[in-house]
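Keeping their order, the protein sequence lines are chains A and B. Quick note on our numbering: the first sequence kicks off at 1 and runs consecutively. Quick note on our numbering: the second sequence kicks off at 1001 and runs consecutively. What follows is one structure encoded as structure tokens, with my remarks underneath.
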Amino acid sequence: MKTERKIKVIITKVGLDGHDRGAKVIAMLLKEAGMEVVYLGMYQMPEFIIQAAIDEDADVIGVSYLSGEHLTFTEKIVEEMKKKGLEDVLFIAGGVIPPEDIPILKEMGVDEVFVAGTLTQPIVEYIKDHARK
Amino acid sequence: MKKLSSNELAQRVLRCDRYAGARLISLLEDGNEDARHTLKLLYPHTGKSMIVGITGSTGTGKSTLIDHLIHRFRKSGKKVGVVLVDPSSPFSGGAFLGDRLRIQRHTCDDGVFIRSMASRGHLGGLVRTTAETIRIMEAMGAEAILLETVGTGQDEVEVIQAVQTCILVISPNMGDEIQALKAGLMEIGHIYVINKSDLEGSTQALREIEAVLSMKDHTDDAWKPKVVSTVASEGKGIEELVSAINEHHAYMNQSERIEGIRFQRAEYELGLVFKNELERLVLQELKRKGKKKKFIREICDGQTDPYTVVDEVLKNFLKKETPE
């Protein structure tokens, strides 16, 4: 039996944001980079995402925001992650996020933000370097 | 979660700690050696759950049906475990696991534990980790366990040996599906579900399946496969499906039969563990001595063949390992 540690990533949308193209593209890219991606799709709530991350033993949670709800939901997700003891899980956000909000998201506890237009390689490298070993 | 000893991990799993169960499954997927010891501790606490496998081609509605089944089992007070298997990419080794998308009603229900798994590439790996994940869910107290696989490959058909009741899902708009069923898949199902039965062609599909099933040689005592029509997206036919599952469960639980199933499952698991452990030990030994690459090169150069190499290596290996 081959022993190999795979990085497991949850990719999801949150709230009423119905734009899932970006999330799907990222999910496929990470799959092609050799990661196992659990795709949760749209209309998720923070508690759902965190419960899925616990059961799946995910190393990374990636949330795609395209309708301006990033500040509200990030706060809730981070709060839920702390409550459920997922401090060692990497939290990345992506999508349409104004530059001035990036430091705020990081202050809240997002590990990294990848805005629309980011090349794929930096995302893959970031996850490989920073996901728990 | 911090690193735990095998004993601590087993204790936590038995206390239905989801973090511990989830971590143990990952360790097994990754081929971790300590995880095997944890399984030894859990094994005596397993073997009592109802295990239902759901297979069928992609897009037939397996996940949506599972969502309904979870709901029904929860209503009857059962704790539920769900294993969702999707294929790994043979090129990148990664996987897109999308089954959870349709199974969300119960994500935050304490009585439901859902786990997605990638088939990964390794030989027998899928079947082994799947069988082990079912054992872990049993140890966590799940009374009903649902296993979803993509029913297209040999591996997935093999997985069925780990379950008691096998449901094969088809949809009427797949003409080839019926052909495939005729060609052999027809033996594995205890229950056949024609999902999306509101679509054109469902009556014909129903007749064809019933015709194929009627050709099977049935002794009086044998289970006669049920055929159920459903529209999972609207929740239609679920009641009938649940009755069929319960009926098959009751049939299987008649004393001599349940013994037979236990025997078959244990035999199957023993075979799997042997196969994997032998392969791992032998290849590890070869690698340690740096011989694996040498053998592969010799095979490529036409100096030898895989059969000769395996014969030779096993002869030496078994000589050394056998105590006599």
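Each residue gets a CB set at the ideal place from its N, CA and C atoms; glycine is no exception. These numbers come from a predicted model, not from an experiment.
Test: residue i CB closer than 9 Å to a CB of chain A
| i | result |
| --- | --- |
| R1288 of chain B | no |
| D1067 of chain B | no |
| M1330 of chain B | Within the shown structure, residues of chain B are numbered from 1001 to 1324, placing residue 1330 of chain B beyond reach of any answer. |
| I1114 of chain B | yes |
| E1285 of chain B | no |
| A1139 of chain B | no |
| M1001 of chain B | yes |
| D1030 of chain B | yes |
| Y1019 of chain B | yes |
| S1233 of chain B | no |
| I1026 of chain B | Before going on, a small fix: residue 1026 of chain B reads as Ser here, not Ile. For S1026 of chain B, the answer is yes, since a Cβ of chain A falls inside 9 Å of its Cβ. |
| A1142 of chain B | no |
| R1023 of chain B | yes |
| R1120 of chain B | yes |
Proximity winner among the options, relative to residue i (alpha-carbon distances)
| i | options | result |
| --- | --- | --- |
| S1116 of chain B | A:E75, A:P46 and A:Y39 | A:Y39 |
| I1160 of chain B | B:V1083, B:L1206, B:D1109 and B:G1201 | B:V1083 |
| A1266 of chain B | B:R1128, B:V1309 and B:H1190 | B:R1128 |
| I97 of chain A | A:L86, A:E112 and A:H70 | A:H70 |
| T72 of chain A | A:A52, A:A116, A:I11 and A:G15 | A:G15 |
| Y1192 of chain B | B:N1276, B:G1031, B:P1225 and B:I1299 | B:P1225 |
| K1173 of chain B | B:I1258, B:R1288 and B:G1061 | It should be pointed out that residue 1173 of chain B corresponds to Asn in this sequence rather than to Lys. Of B:I1258, B:R1288 and B:G1061, the residue nearest in Cα terms is B:G1061. |
| S1313 of chain B | B:L1278, B:Q1104 and B:N1007 | At residue 1313 of chain B the sequence reads Val, which differs from the Ser that was named. Selected option, being the one with the closest Cα: B:L1278. |
| E112 of chain A | A:I49, A:L86, A:Q51 and A:V60 | A:V60 |
| T1064 of chain B | B:K1075, B:E1029, B:Q1104 and B:S1026 | B:Q1104 |
| Q1264 of chain B | B:A1131, B:A1144 and B:D1311 | B:A1131 |
| W1223 of chain B | B:R1207, B:I1188 and B:V1242 | B:I1188 |
| M35 of chain A | B:T1219, B:A1095 and B:L1213 | B:A1095 |
| I50 of chain A | A:Y65, A:D20, A:V89 and A:L66 | A:V89 |
| G1031 of chain B | B:N1276, B:S1092, B:F1073 and B:E1259 | B:N1276 |
| K1075 of chain B | B:E1239, B:R1100 and B:S1026 | B:E1239 |
| L1281 of chain B | B:F1317, B:N1007, B:Q1204 and B:A1022 | B:F1317 |
| R5 of chain A | B:H1249, B:E1029, B:D1017 and B:R1257 | B:E1029 |
| D1221 of chain B | B:R1207, B:E1210, B:M1252 and B:T1203 | B:M1252 |
| R973 of chain B | B:I1114, B:N1246 and B:I1134 | Past the edges of chain B, shown from 1001 to 1324, lies residue 973 of chain B, and the structure says nothing about it. |
| A33 of chain A | A:P122, A:I92 and A:D20 | A:P122 |
| M1001 of chain B | A:D55, A:F48 and A:A23 | A:D55 |
| Y1268 of chain B | B:R1102, B:T1046, B:S1088 and B:A1162 | B:A1162 |
Beta-carbon contacts of residue i that lie in its chain and below 6 Å, excluding the five residues immediately before and after
| i | result |
| --- | --- |
| P46 of chain A | K76, I77 and E80 |
| L1097 of chain B | D1086 and S1116 |
| A1144 of chain B | M1050, F1073, K1078 and V1080 |
| E191 of chain A | Lying before the first or after the last residue shown, residue 191 of chain A is absent from chain A, which here runs from 1 to 133. |
| S67 of chain A | D17 |
| G1021 of chain B | V1013, I1136 and M1140 |
Any chain B beta carbon closer than 9 Å to residue i
| i | result |
| --- | --- |
| D88 of chain A | yes |
| F48 of chain A | yes |
| K6 of chain A | yes |
| G117 of chain A | no |
| G85 of chain A | yes |
Contacting residues, own chain, Cβ-Cβ under 7 Å from residue i (five flanking each side not counted)
| i | result |
| --- | --- |
| K1292 of chain B | L1283 and L1286 |
| K31 of chain A | V37 |
| L1024 of chain B | L1009, V1013, A1035, T1038 and I1136 |
| G18 of chain A | M42 |
| S964 of chain B | Any property of residue 964 of chain B remains undetermined from this structure, which presents chain B solely from 1001 to 1324. |
Minimum Cβ-Cβ distance from residue i to chain D less than 9 Å
| i | result |
| --- | --- |
| S1006 of chain B | Given the protein chain composition of this structure (A and B), no chain D is represented. |
Neighbourhood of residue i by C-beta distance below 8 Å, restricted to the same chain and skipping five residues each side
| i | result |
| --- | --- |
| K2 of chain A | With a pLDDT of only 45 at K2 of chain A, under 50, the local geometry of the prediction cannot be trusted, and the value read off the model is given with reservation. Cβ within range, chain order: n/a, list empty. |
| G1235 of chain B | H1068 |
| E1298 of chain B | T1304 and V1309 |
| T118 of chain A | G94 |
| V1273 of chain B | R1128 |
| A58 of chain A | K8, V9, I10, V38, A52 and V89 |
Residue i CB to nearest heavy atom of the ligand ATP below 8 Å
| i | result |
| --- | --- |
| F48 of chain A | No copy of the ligand ATP occurs in the structure displayed, which carries no ligand at all. |
Item to check | Any 3 or more C-beta pairs closer than 8 Å across the region 1221 to 1237 of chain B and the region 1195 to 1205 of chain B | outcome: yes
Next on the checklist: Please identify, using Cβ separations under 8 Å, the residues of the region 50 to 83 of chain A that lie next to chain B, in order along the chain.
Outcome noted: Q51, A52, I54, D55, E56 and D57
Checklist entry - Which residues, in order along the region 1079 to 1108 of chain B, keep a beta-carbon less than 7 Å from a beta-carbon of chain A? => result S1089, S1092, G1093, G1094, A1095, F1096, L1097, G1098, R1100, L1101, Q1104, T1107 and C1108
Next on the checklist: Is it the case that the region 1040 to 1047 of chain B contacts the region 1162 to 1169 of chain B, given that we only count it when at least three CB pairs across the two stretches are under 8 Å?
Outcome noted: no
Item to check | Positions along the region 26 to 45 of chain A whose CB lies within less than 7 Å of some CB in chain B | outcome: A27, M28, L30, K31, E32, A33, G34, M35, E36, V37, V38, Y39, L40 and G41
Checklist entry - At a cut of 8 Å, does the region 1043 to 1057 of chain B reach the region 1106 to 1115 of chain B through at least three beta carbon pairs? => result no
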